[in-house]
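Report on the following structure.
In mature numbering (1 follows the signal peptide of the UniProt record, and there is no 0), the protein residues as written are -22 to -1, 1 to 920.
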């Protein structure tokens, strides 16, 4: 949270709020390298100018150890670049380009941080399964084709490398699906030794060794080292991803006559106060992953670079070179989405993900950077937060009022004011005289506490964290080697250098109970301001020429810094107990791989209808690129929402994976009971619905942790061939079983237009009314709820008993809600574990599959290797042996049934069935007495 017009008083800050100031942040014209590469791309537009300065050196192409290597010659500057294309398991191809013989090493990229097992964890396809074929053209240059496997549908995958001009195409059954440099935008500023360069040695002027923005000067001691490359998606008109931006789900064009933005999308983690909407400007996180979807396929790219990056997008006919290539092969692609990626430093490092389905791309990306960690079960419940709850009595009063008004919740949060003068790992003893007793009181109802902990450290010799970090040399340095100092909440501050593994481990150790006084196992952490936010720095962040461990410049790792803060905090919580427990840590800044460490949120939004609507675009975009555990501040961080807006925000927020209300210190208190009726009732019912569906949510989180599939999804993920869903965000999927259509316009009664895109049955989640698709229907929507529909063919588990927290529901029975279908098999799953430990990694969990066919419901163990039937599995199953299914509800039944035959452990018994045909045919089996841990069947009898 950042406030403009900050007045420094020596002992702290006085804060005055004002909206985002665009002039505080760079546009492309303010970044020399962005302007350079955009101009270069413009110069290649002419079909007569496809010959560039970059060609493959003759006879330099080799295939060795599952890697295609070649030399790219920059004829204008007589520099040789090294190109390597590695063929990885899962059909991925990694393409890297850098100087062959640089005067000093480039930063090799964030692979050690972002890749789940580091560089050494990448597995290549065996060389015996790869073949190379080269064909010469009339000009003496060659094209090289590598056949390296097939995709999940059995289509062949090949990579084609053309020498002049150099370009790469990834092909599926000889159809190009991904292309690099077919537009000729590739341009590489090579490293130079400043001391040995004459003033006018080449096109790089002496002024390029430094760069100014407003009152700041970036010394750029290594000189210009940027690069750019075009990546094209033939046959596609829709691309998604590259968060974080307050933009649309389907990304907008930034180049061309009909462009929607004049600026490229920017990836550069920044603290942007009350961010503007419908803009490509950078925000708090950066995930350089883009997906392209058409009715034929989904493909993706992971552009692994942690420096400042800009991305242009245009829609056009396929490139001239590719068009010739298509004519030769007889391909029919007539359209393409072209993108231009521009980075300030590092190496060009691109992973090509061939799909062909969206779920394949999710799995391919997850194989590189990992999946969302399975969270603590409490953390998917409701979180209550504001800046700041005043004191211990305030916290306990709010906690009590939730019980008074019958509203479940799991976590209450404390912001920076809980500390002793913004010194993290401390408490204000006057406000919080007994934090352990406070946490224990919360624990009586199964509730938790979260404290904020930011990366800036108050510069104070009497503050033990500051003193020890200074003595140990753990702070980020200025370019002269002294400790970097800037302004943030405590006033003068230093920043821990988390790239120093010793410093990162030292921070993790501070979370031990004997060091973090007043902490208990019931305390969890929130990392804010970790972009990093520096109030008196350029663009409210750290200078790029600052130095990290090993002499790495901040420009090289800026976008990964927040993830390293998140990682150290997560590891600290995990290690503080003798038996490690799953941590919960929320981070504002993030990068590819952050999902392994915890949750994130969309940042400092505003209390208006536009931010409410935009939150879903942002949440869905992040889910597409692996950042699943995300939500937006309920109600808007800035401003005071009307009761109607706040109600609608809760009704949407329950459908985002991370569900937290949060508000600025200057806003009015807005706990649900303060709104009065009817708003209190509507909000209470929304929150209760979240808790009712926690079994479904927890199962989705587990499946995401195994496969990388998003928890909330755009419609096209489940309906990939229906082009009308490709840019819809007025409705979205929660798992594969639910469609949610949030109300984002003002009014107590609103008509929602809902698209049911496929020939199957959909059920109103609240009334049970069935609708046969494909259909577009107007749904009148009153303030009490928003439209939610179950997809026919789904089985959704719920827990129906209202409790004060998720912890108190852990042994409650289940209801299985079956939604019939004539078009697809009716299936569902349920996952449960202890909700806290890592025992599930050794088999300590229950994972059930339910199938309903021929009027019979079957429960069986979902796929589990025999090796996973471990001691942990046996113990956990025994601990849940008495949890039963208390109700089975089948909706959409055409026939009435009077009884059911239950078969369990070889014994049959008969129970009563109640059916009604009032709406769409509902049959209920009450208390069938079957156990959630066992195999059984329930057969309905007429």
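We put the CB at the ideal spot given by N, CA and C, even for glycine.
How would you write the range of the alpha helix (DSSP H) that residue 99 sits in, first residue to last?
Within the chain shown, residue 99 is the residue found at index 121, counting from 1. Element bounds for residue 99: n/a, residue is neither H nor E.
Write down every uninterrupted run of the beta strand (DSSP E) in the region 89 to 168 whose length is 3 residues or greater and which is fully enclosed by it, in chain order.
Counting only runs of 3 or more, we get 109 to 114, 120 to 128, 134 to 141, 144 to 150, 153 to 158.
Start and end of the alpha helix (DSSP H) containing residue 48?
Taking the chain shown and counting its residues from 1, one reaches residue 48 at position 70. It is not in any alpha helix (DSSP H) - residue 48 instead sits in the beta strand (DSSP E) that spans 45 to 52.
How is residue 405 classed by DSSP in three states: helix, strand or coil?
On the chain shown, residue 405 is found 427 positions in, with the first residue counted as 1. Three-state result, residue 405: coil.
For residue 12, name the three-state secondary structure that DSSP assigns.
Along the chain shown, read from residue 1 onward, the residue named residue 12 stands at position 34. Helix at residue 12.
Among 270, 817, 340, 320, which one has its Cα closest to the Cα of residue 313?
As a working note, residue 313 is residue 335 in the chain shown. Here the closest residue by C-alpha is 270.
For residue 180, I'd like the list of residues in its chain whose CB is within less than 7 Å of its CB, leaving aside the five on either flank, ordered along the chain.
As a working mapping, residue 180 is identified with position 202 in the chain shown. Note that residue 180 scores 44 on pLDDT, short of 50, meaning its location in the model is unreliable; the coordinates nonetheless yield the value given after this. The residues are 55.
In chain order, what residues of the same chain have a beta carbon less than 6 Å from the beta carbon of residue 902, not counting five sequence neighbours either side?
Locating residue 902 in the chain shown gives position 924, counting from the first residue. Closer than 6 Å at the Cβ level, and outside the excluded window around residue 902, lie 867, 892.
How about residue 610 and residue 579: do their beta carbons lie closer than 8 Å?
The count along the chain shown starts at 1 and reaches residue 610 at position 632. The count along the chain shown starts at 1 and reaches residue 579 at position 601. Yes, these two residues count as a Cβ contact at 8 Å.
Apply the 10 Å Cβ neighbour rule to residue 536 and answer buried if 16 or more other Cβ atoms are within range, or exposed otherwise.
Mapped onto the chain shown, residue 536 falls at position 558. With 16 or more Cβ atoms within 10 Å of its Cβ, residue 536 is classed as buried.
State the Cα-Cα distance for the pair residue 774 and residue 471, rounded to the nearest angstrom.
Taking the chain shown and counting its residues from 1, the one referred to as residue 774 is at position 796. Taking the chain shown and counting its residues from 1, the one referred to as residue 471 is at position 493. Those two C-alpha atoms are separated by around 50 Å.
How would you call residue 368, buried or exposed, if buried means at least 16 neighbouring beta carbons within 10 angstroms?
Locating residue 368 in the chain shown gives position 390, counting from the first residue. It is exposed - the Cβ of residue 368 has fewer than 16 other Cβ atoms within 10 Å.
Give the DSSP-derived three-state secondary structure of residue 501 in the structure shown.
One-based indexing of the chain shown puts residue 501 at position 523. Strand.
If you run the structure through DSSP and keep just helix, strand and coil, what is residue 447?
Reading the chain shown from its first residue, position 469 is the one you call residue 447. DSSP places residue 447 in helix when its eight states are reduced to three.
Hey, could you find the ends of the alpha helix (DSSP H) residue 550 is sitting in?
Within the chain shown, the letter at position 572 stands for residue 550. 532 to 553 is the extent of the alpha helix (DSSP H) around residue 550.
Could you tell me if residue 795 is buried or exposed, where buried requires 16 or more neighbouring beta carbons within 10 angstroms of its beta carbon?
For the purposes of this step, residue 795 is identified with residue 817 of the chain shown, where counting begins at 1. Buried, by the Cβ-count rule.
Which residue wins for smallest C-alpha separation from residue 699, given the options 218, 335, 747?
Position 721 of the chain shown, counted from the start, is the residue given in the question as residue 699. Among 218, 335, 747, the Cα nearest to that of residue 699 belongs to 335.
How would you call residue 297, buried or exposed, if buried means at least 16 neighbouring beta carbons within 10 angstroms?
If you number the chain shown from 1, residue 297 lands on position 319. Because the pLDDT at residue 297 is just 48, under 50, the model does not fix this residue reliably, and the point stays unresolved.
Is residue 670 helix, strand or coil when you go by DSSP?
Locating residue 670 in the chain shown gives position 692, counting from the first residue. Helix.
Let's test the definition: count the other Cβ atoms within 10 Å of the Cβ of residue 72 and tell me whether it reaches 16, buried, or not, exposed.
Taking the chain shown and counting its residues from 1, one reaches residue 72 at position 94. Counting Cβ neighbours within 10 Å, residue 72 comes out buried, since at least 16 surround it.
Which class does residue 748 belong to by DSSP, given the choice of helix, strand or coil?
Numbered from 1 along the chain shown, position 770 holds the residue referred to as residue 748. Note: residue 748 maps to strand in three-state DSSP.
Taking the alpha-carbon positions, what's the residue 576 to residue 604 distance?
For the purposes of this step, residue 576 is taken as the residue at position 598 of the chain shown. For the purposes of this step, residue 604 is taken as the residue at position 626 of the chain shown. In a straight line, the C-alpha of residue 576 is about 12 Å away from that of residue 604.
In three-state DSSP terms, what is residue 473?
By one-based count along the chain shown, residue 473 stands at place 495. Strand at residue 473.
In the DSSP assignment, what residue or residues form a beta bridge with residue 290?
Here residue 290 is taken as the residue at index 312 of the chain shown, counted from 1. The partner list for residue 290 (beta bridge, DSSP) reads 318.
Compare the beta carbon distance of residue 430 and residue 393 with 8 Å and say whether it is the shorter of the two.
The count along the chain shown starts at 1 and reaches residue 430 at position 452. The count along the chain shown starts at 1 and reaches residue 393 at position 415. Yes; because the gap between Cβ atoms is below 8 Å, this pair is in contact.
If the criterion is Cβ atoms closer than 8 Å, does the pair residue 267 and residue 253 meet it?
Translated into the one-based positions of the chain shown, residue 267 becomes position 289. Translated into the one-based positions of the chain shown, residue 253 becomes position 275. Not a contact, by the Cβ cut-off of 8 Å.
By alpha-carbon positions, which one of 670, 110, 573, 720 ends up nearest to residue 729?
What you label residue 729 is simply residue 751 of the chain shown in a count that begins at 1. If we check each option's Cα against that of residue 729, 720 comes out closest.
Cβ atoms of residue 567 and residue 263: under 8 Å apart, would you say?
Stepping through the chain shown from its first residue, residue 263 is reached at position 285. Stepping through the chain shown from its first residue, residue 567 is reached at position 589. Their beta carbons are under 8 Å apart, which means residue 263 touches residue 567 by this criterion.
DSSP state of residue 227, grouped into three classes?
Sequence index remark: in the chain shown, residue 227 carries index 249 (1-based). Note: residue 227 maps to coil in three-state DSSP.
Between the region 226 to 234 and the region 326 to 334, can you find at least three pairs of beta-carbon atoms closer than 8 Å?
Taking 8 Å as the limit for Cβ pairs, the verdict is that the region 226 to 234 does not touch the region 326 to 334.
Output the distance between the C-alpha atoms of residue 411 and residue 405, rounded to the nearest integer angstrom.
Taking the first residue of the chain shown as position 1, residue 411 is located at position 433. Taking the first residue of the chain shown as position 1, residue 405 is located at position 427. Those two C-alpha atoms are separated by around 8 Å.
In three-state terms, what does DSSP make of residue 919?
The residue given as residue 919 occupies position 941 in the chain shown. Residue 919: strand per DSSP, three-state reduction.
For the alpha helix (DSSP H) containing residue 337, list its first residue and its last residue.
As a first step, residue 337 must be located in the chain shown, where it is residue number 359. Where residue 337 is concerned, the enclosing alpha helix (DSSP H) stretches over 336 to 347.
Count the other C-beta atoms from every protein chain shown that fall within 10 angstroms of the C-beta of residue 503, then say buried if there are 16 or more, exposed otherwise.
Position 525 of the chain shown holds residue 503. Residue 503 should be labelled buried.
Residue 815: which of 352, 532, 420 sits nearest, CA to CA?
For this step, residue 815 is matched to residue 837 along the chain shown. The candidate whose alpha carbon is nearest that of residue 815 is 352.
Assign residue 14 to one of two classes, buried (16 or more other C-beta atoms within 10 Å of its C-beta) or exposed (fewer than that).
Here the question's residue 14 lines up with position 36 in the chain shown. By the 10 Å Cβ count, residue 14 comes out buried.
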